[in-house]
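Let me begin by presenting the structure, written as structure tokens, before commenting on it.
Residue numbers (this note's numbering): 17 to 278.
Put into structure tokens, the structure is as follows:
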């Protein structure tokens, strides 16, 4: 059976998942702190993937999920929480392991995994929102990943929630709802619900799936998010849009990275 490896490089942690084939299966991701330099990350990935390859056999492909804008060619254009990844394409993994390597935005990998195996399985219109060090988004429309005209679709964390005209200061969804905001102000469920209402009004998905450490570590209240999203959604039916937590847990983006080969 073919083996596929998925790597999720987050702002705080990096996770590596190994899949035996591409059918739904139980997956546990190896987790380690994300290094803060390109050299250190290169050493880490070569070592960990090498250990998996030695134990399980050479993979048929390696998928990499990164928080940021990824070009059509698989190069990191802008990495939101790890600027040392900018303008990097991970071809060193192709050279080291002699296998194809695909790179995609982490939130897109997250929603792809949830639509294929997880909470949104069988749905054709899905919004995935990851809440952790930052806030990311992935959008599936008519069963296809939506990347946008300039491959920048889904950067929901950069959605402006408030603008101060006097200071010309824009405050984003991410600034109000991600990890740093929770550490400073506590539970951010209300503002997360408001942000998701905005996205429901724009996209009208069948389902919203939430993931990331803010969800899996229990730092937000789903009941509050659902209440606020329903309050500010416009269309009567959209007020009942299901908002569910990840079914795949912290491994979702790593699984989705491996599923790039599906």
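The C-beta atom is built at its ideal place from N, Cα and C for all residues, glycine as well.
- The straight-line gap separating the alpha-carbon atoms of residue 200 and residue 231 is approximately 17 Å.
- Contact between residue 271 and residue 71 fails: their C-beta atoms lie close to 19 Å from each other, not under 8 Å.
- The bridge partners DSSP lists for residue 210 come to none.
- Fewer than three Cβ pairs drawn from the stretch 103-110 and the stretch 126-139 lie within less than 8 Å of each other, which leaves the two stretches out of contact.
- The beta strand (DSSP E) runs lying completely inside the stretch 87-113 and spanning 3 residues or more are 92-95, given in chain order.
- Annotation: residue 153 to residue 166 spans about 16 Å, alpha carbon to alpha carbon.
- Minimum Cα-Cα distance from residue 209 among the listed residues 275, 240, 145 corresponds to 240.
- Annotation for residue 73: 19 place their beta carbon closer than 8 Å to its own, counting only its chain and skipping 5 residues before and after.
- Residue state for residue 74 is assigned as coil, using DSSP reduced to three classes.
- If you draw a 10 Å sphere on the C-beta of residue 223, you find 16 or more other C-beta atoms in it, and that means buried.
- Judged by their CB atoms, residue 94 and residue 79 are not nearer to each other than the 8 Å cut-off.
- For residue 225, the closest alpha carbon among the candidates 217, 103, 145 is that of 145.
- In this structure, the CA atom of residue 41 is about 51 Å from the CA atom of residue 181.
- Between the stretch 203-218 and the stretch 243-260 there are three or more C-beta pairs closer than 8 Å, enough to call the two in contact.
- Beta-bridge annotation (DSSP): residue 20 is paired with 35, 77.
- Contact between residue 106 and residue 119 holds: CB atoms are separated by about 6 Å, below the 8 Å threshold.
- Relative to the Cα of residue 229, the nearest Cα in the group 46, 150, 171, 75 belongs to 150.
- Out of 156, 123, 147, the CA that lies nearest to the CA of residue 139 is found in 156.
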